[in-house]
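Residue numbering for the sequence shown is 3 to 340, as defined by our numbering.
Worksheet: the structure to be examined is printed underneath.
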Amino acid sequence: MKRVLKGSGIVVLGIVALCVGLNLNSLDDGIQYLQDMFAYVPVSAQPLDPKGRFGFCEQFATLRNAQRAQFIVNFLEARGIAFQRLPIYDTKFDNIFAPFARRGNESESHQAASFTFVQDMVWRTIQAFVPYTIFSAHYDKVYDDPDYQGASDNSAAVCMLLVAAEELNRARPPRPVAILFTGQEEVGLVGARAFYDYATENNLQVADVLNFDNIGRAGLAARASGERSGYVFTIPLWGEFVYDGRKFSPASAYRQPDARLMQQLQRVGPIKLYDRMVAQSDGTYWQERGWNAVNLTSDNIYYLDETWHTYGDRVELLEQDNFQRALELVLGYARQEQ
């Protein structure tokens, strides 16, 4: 009997060791998740200042999807920021694309009044061969309802990028960068697909894309990218599974962010890398098609699990510091010489 028990114990220990070995890459992500779960409080430590630069997010979050698109247009027009409305196929929604780059010897503070048509055409020709860094966020909510705020998904990222657009227009970056607001993300990444088609058809060169989705609280994280969001782990003989905070499913294939891009971003500001916390967003579509894209979210995955696609995803849970960190990342990376 002792021999049988000893043998059974060895088998159990072997299975446990195998499970741990197969999930070593998941342990750090899982430990961080548990730490966030035990430390979580359903209030904001640093609420948005209603009179501050991000204070308008409280109004934006209550708007329906068509109103959100118009809000973005009005914001850009009021500040003299050039942009294009790019139809999303036969839907009633557009992607909104705002490019920024210094024009020749033009001052960073304003566009020279003497800038000629010929010079403009020359600059446009140059831009066709110089790749853009794109900062993106989807503006649509999963529930097109004023009572559903979608504060982290994805009101926070849109409001942060609107402030970034104002800053980039005031002090032009040394290289081509652009801000992109996509629609129809919540119904299958349709806006991302439409923009990819537009870029391909119009020879718009893309160096990299920083896609912001589900930010607004705690720090910033870069996530692995796949068709099914959640925490990926391995069960011996069964394969990989993903848990999204509500259900278990077989895991889809997933990709890691480009290591060199991550190094460049982490030189600008602190970003955690979650290699087994998979995210699906616009960046997923672009990464699958060869663009150097990364999905950036809050690093508090427990908070996201608690609020994602629920009516509890509200502005009062957002934190001012997260907006500021994301803004500094955008401006710092945009102003790097490539």
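Here a beta-carbon is modelled for each residue, glycine too, at the ideal position from N, C-alpha and C.
Whole-angstrom distance between H140 and D77, CA atom to CA atom: Translated into the one-based positions of the sequence shown, residue 77 becomes position 75. Translated into the one-based positions of the sequence shown, residue 140 becomes position 138. It should be noted that the sequence gives Phe, not Asp, for residue 77. Going by the C-alpha atoms only, they are around 16 angstroms apart.
Segment contact flag, the segment 152-170 with the segment 310-318, C-beta cutoff 8 angstroms, min 3 pairs: yes
Between the CA atoms of G241 and F58 - distance to the nearest angstrom: Indexing the sequence shown from 1 puts residue 58 at position 56. Indexing the sequence shown from 1 puts residue 241 at position 239. About 46 angstroms.
Segment contact flag, the segment 220-229 with the segment 252-262, C-beta cutoff 8 angstroms, min 3 pairs: yes
4-residue-minimum alpha helix (DSSP H) runs that sit fully inside the segment 203-281, ordered along the chain: 261-270
Terminal residues of the alpha helix (DSSP H) in which Y141 lies: The count along the sequence shown starts at 1 and reaches residue 141 at position 139. Segment: none, Y141 is in no alpha helix (DSSP H) and carries neither H nor E.
Whole-angstrom distance between W310 and S116, CA atom to CA atom: As a position in the sequence shown, residue 116 is number 114, starting the count at 1. As a position in the sequence shown, residue 310 is number 308, starting the count at 1. Note that S116 scores 32 on pLDDT, short of 50, meaning its location in the model is unreliable and no value can be drawn from it.
7 angstroms CB neighbourhood of Q48 in its chain, flanking five on each side removed: Locating residue 48 in the sequence shown gives position 46, where the first residue counts as 1. Excluding sequence neighbours, Q48 sits near E321, Q322 and D323.
Spatial neighbours of M39 in its chain, beta-carbon cut-off 7 angstroms, leaving aside the 5 residues before and after: Numbered from 1 along the sequence shown, position 37 holds the residue referred to as residue 39. Correct list, in chain order: Y304.
8 angstroms Cβ cutoff met for E168 and R81: Against the sequence shown, residue 168 aligns to sequence position 166. Against the sequence shown, residue 81 aligns to sequence position 79. Yes, Cβ-Cβ distance for E168 and R81 is below 8 angstroms.
Cross-strand partners of A100 (DSSP beta bridge): The residue given as residue 100 occupies position 98 in the sequence shown. In the DSSP output, where bridge partners are listed per residue, A100 has I181.
Best match in R195, L331, N302 and D307 for proximity to Q34 [C-alpha to C-alpha]: Along the sequence shown, read from residue 1 onward, the residue named residue 34 stands at position 32. If we check each option's Cα against that of Q34, N302 comes out closest.
Rounded straight-line distance, which links the Cα of V179 to that of L206: To locate residue 206, count along the sequence shown from 1; it is residue 204. To locate residue 179, count along the sequence shown from 1; it is residue 177. Looking at the two C-alpha atoms, the distance is approximately 12 angstroms.
Environment of V132 [buried if 16+ CB atoms lie within 10 Å]: Against the sequence shown, residue 132 aligns to sequence position 130. So V132 counts as exposed.
Cα-Cα separation between P175 and A84, rounded to whole angstroms: Locating residue 175 in the sequence shown gives position 173, where the first residue counts as 1. Locating residue 84 in the sequence shown gives position 82, where the first residue counts as 1. Those two C-alpha atoms are separated by around 15 angstroms.
With 16 other Cβ atoms within 10 Å as the buried cut-off, status of T202: Mapped onto the sequence shown, residue 202 falls at position 200. Exposed, by the Cβ-count rule.
Paired residues, beta bridge with I136 - DSSP: Residue 136 sits at position 134 when you count from the first residue of the sequence shown. Paired residues: A180 and V211.
Rounded C-alpha distance that separates L275 from A224: Within the sequence shown, the letter at position 273 stands for residue 275. Within the sequence shown, the letter at position 222 stands for residue 224. Approximately 5 angstroms, taken between the alpha carbons.
Extent of the continuous alpha helix (DSSP H) to which T309 belongs: One-based indexing of the sequence shown puts residue 309 at position 307. Unbroken alpha helix (DSSP H) run through T309: I303 to T309.
Option nearest I74 by Cα separation, candidates D142, S300, A281 and D149: Translated into the one-based positions of the sequence shown, residue 74 becomes position 72. Minimum Cα distance to I74 is reached at D142.
Q61, DSSP secondary structure in three states: Counted from its first residue, the sequence shown places residue 61 at position 59. Residue state, collapsed to three classes: helix.
Proximity of N213 and A328 at Cβ, strictly below 8 angstroms: Here the question's residue 213 lines up with position 211 in the sequence shown. Here the question's residue 328 lines up with position 326 in the sequence shown. Cβ distance not < 8 angstroms, so N213 and A328 don't count as in contact.
T93 - DSSP class collapsed to helix/strand/coil: As a position in the sequence shown, residue 93 is number 91, starting the count at 1. Of the three classes helix, strand and coil, the one that applies to T93 here is coil, per DSSP.
Residues near S300 in its chain [Cβ-Cβ closer than 8 angstroms; skip 5 each side]: Here residue 300 corresponds to residue number 298 of the sequence shown, with the count starting at 1. So the list reads S154, N216, I217, G218, R219, A220, G221, L222, A223, L306 and N324, once near-sequence residues are dropped.
Enclosing beta strand (DSSP E) for T299 [first to last residue]: Here the question's residue 299 lines up with position 297 in the sequence shown. That run of the beta strand (DSSP E) goes A295 to S300.
Rounded separation between A261 and G54 - CA only: Taking the first residue of the sequence shown as 1, we reach residue 261 at position 259. Taking the first residue of the sequence shown as 1, we reach residue 54 at position 52. Taking the straight line from one Cα to the other gives about 35 angstroms.
Q340 versus R177: straight-line alpha-carbon distance, rounded: Working through the sequence shown from its first residue, we reach residue 340 at position 338. Working through the sequence shown from its first residue, we reach residue 177 at position 175. Each residue's alpha carbon lies about 8 angstroms from the other.
Cutoff 6 angstroms; reference Q113; Cβ partners in own chain excluding five residues on either side: For this step, residue 113 is matched to residue 111 along the sequence shown. Here Q113 scores only 40 on pLDDT, less than 50, and its place in the model should not be relied on; the value that follows carries that caveat. Closer than 6 angstroms at Cβ, skipping near neighbours: no residue.
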